[in-house]
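All remarks here apply to the structure that follows.
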Amino acid sequence: MNRNYADILALAGRDPDWFDEYAVPRFEAFAPDRIANIYASECALVLIACQSCKAEFKVAFSEVNATSAVSRFDGRRSAQRRASIAEMITRGRLHYGDPPNTNCCAAGASMNSVPLRVLEYWQTLRHDLSRVGQHLSPEDIADLSPRWERDAELEIEIIRPERRVAGAHQYVIQPVNVKERDFHLIANGPRPVAPFSHAVETDGWVILTGQMPTDPNAPDAPLPDGVEAQTRRVMDNLEIVLKGVGLDLSHVVQCRAYLTAFERDYAAFNDTYQTYFPADRRPARTTVGVTALAVGALVEIDCVARRPRGDGGAA
Ligand SMILES: [Zn+2]
């Protein structure tokens, strides 16, 4: 249970910009030298949500509220040490606890919270104490104050937006490290016809599984008739998967198409396919004739998309 700081809130007369490590409401832009702990060497501003009503808050972490321990196995001996905030982010262990006691539900301040996204991550070298005791000019003293550096690599989605679905009883904790692979299965996406993810993402590249001309809303219905209708359905399915990871066809850099009746269908396939891309922004493409496709389809298309730089996750 956090204090509600109604006195501060009444004075301010507006919603706080963020809450510090003790859930005290703050009414200025977040900056690493504005957090409660003046001795911090690491801090983060994190978007969290009340686990009950899903109200969202921006909250700060520093050494004072990021206290998770990790085990270290060293030969036969194991030891506990405190995890850094960076470690807690990459391991999905960041935990604020009770949400701030304002603008939430009745349960709110005694409810748990879940982390959604790291908005800012900062670290600094510790104060240089080697010159303590020397006579220091004001310039020297300014020089000794901590220099904060921001690290965008750690500003990542902890729970992706598509997993924050309304009606879910609880958020699904899905730690995401931007340096690792991310396996996407899109809710309401085309039903997979084999063991695969809809898309796999690594280092900004999103590789989509080949889509079939099946209807996601009626996966057992007969396939559309003819290569034009099937091509449209396949392209629409690619768009559904792209949308599920916050992208669209404009992010596609390459397509590969497979046709079971290449000689007969190639021209008609091209006519339909080309309507999905502006003439001056067509992805690189390979098209091959194949002997057969899953579910008896006439056409299958896969693609590779590139996430725009600075876009850490699905929007
Ligand atoms: Zn709440």
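Here the sequence shown is numbered in our numbering, starting from 811 and rising by one per residue.
Where a beta carbon is used, it is the ideal one built from N, C-alpha and C, also for glycine.
Heavy atom of ligand 1 within 7 Å of residue i beta-carbon
i	result
C863	yes
M921	yes
G918	yes
P909	yes
C1113	no
C853	no
C792	Since the first residue of the chain shown is 811 and the last is 1125, residue 792 is not available in this structure.
C860	yes
For residue j and residue i, the rounded distance between their alpha carbons
i	j	result
H979	A865	Confidence at H979 is low in this model, with a pLDDT of 38, below 50, so its placement is unreliable and the value that follows should be read with caution. H979 and A865: Cα-Cα distance of roughly 14 Å.
R1043	T1096	19 Å
G1056	Y849	39 Å
V869	L1059	35 Å
S851	A1067	52 Å
C853	P1002	41 Å
E1049	I1017	13 Å
P1005	K1053	21 Å
A1124	G902	Confidence at A1124 is low in this model, with a pLDDT of 40, below 50, so its placement is unreliable and no value can be given for it.
I818	P842	21 Å
H945	L821	43 Å
V928	S894	14 Å
D961	E930	8 Å
Y815	S872	21 Å
L1069	E1110	7 Å
F829	E897	22 Å
D1112	F837	48 Å
V1114	I899	28 Å
A1094	L904	41 Å
V1010	L995	9 Å
L926	R957	27 Å
V988	S1007	Note that V988 scores 41 on pLDDT, short of 50, meaning its location in the model is unreliable and no value can be drawn from it.
L964	G823	33 Å
W1015	I968	19 Å
M921	P835	18 Å
A1077	L1108	13 Å
P1032	R1117	34 Å
A1104	P1029	13 Å
A876	S947	35 Å
Reference residue i; option with closest CA among the options
i	options	result
G1036	T1082, V1100 and N922	T1082
F1087	A1104, G1054 and Q1064	Q1064
T1041	G1020, S894 and A1031	G1020
G1106	H994, A1077 and P1034	P1034
C915	M811, S894, V1016 and P1000	M811
D1046	A1028, T1024 and D1030	T1024
W932	E959, A1009 and R1001	E959
P1026	W1015, P1000 and L1018	P1000
P910	C863, D1075, A896 and F1006	C863
D1075	T1085, V1098, V1062 and P1093	V1098
V856	S947, F837 and E831	E831
D908	F993, E963 and R813	R813
A833	I858, R824 and R927	I858
I845	V874, C860, A1039 and R824	V874
V1100	F1072, D1112 and E949	F1072
N998	V1051, P1032 and Q861	V1051
F1079	L1103, A1039 and S947	A1039
R1092	A917, L1103 and V1062	V1062
V924	E949, I966, F867 and N847	F867
Limits of the beta strand (DSSP E) - the one that residue i falls within
i	result
L855	E852 to C860
T1082	Premise fails: T1082 lies in the alpha helix (DSSP H), F1072 to Y1083, not in any beta strand (DSSP E).
E965	Element bounds for E965: n/a, residue is neither H nor E.
E897	No beta strand (DSSP E) holds E897; the alpha helix (DSSP H) holding it covers I895 to T900.
L867	Reading off the sequence shown, one finds Phe at residue 867, where the question assumed Leu. Unbroken beta strand (DSSP E) run through F867: E866 to F871.
A1094	A1094 to G1099
D908	Here D908 belongs to no beta strand (DSSP E), and DSSP marks it neither H nor E.
D992	D992 to H994
A1115	V1109 to R1116
S947	Unbroken run through S947: none, as it is neither H nor E.
T1131	Only positions 811 to 1125 of the chain appear in the structure, and residue 1131 is not among them; the question remains open.
Minimum Cβ-Cβ distance from residue i to chain B less than 8 Å
i	result
M898	The displayed structure is made up of one protein chain only, and chain B is not part of it.
List, from N- to C-terminal side, the beta strand (DSSP E) runs of 3 residues or more that fit wholly inside the region 1000-1070. 1009-1012, 1015-1021 and 1062-1069
Going residue by residue through the region 816-846, where are the continuous alpha helix (DSSP H) segments of at least 4 residues, counting only ones entirely within it? Counting whole runs of 4 or more residues, the region 816-846 contains the alpha helix (DSSP H) stretches 816-822.
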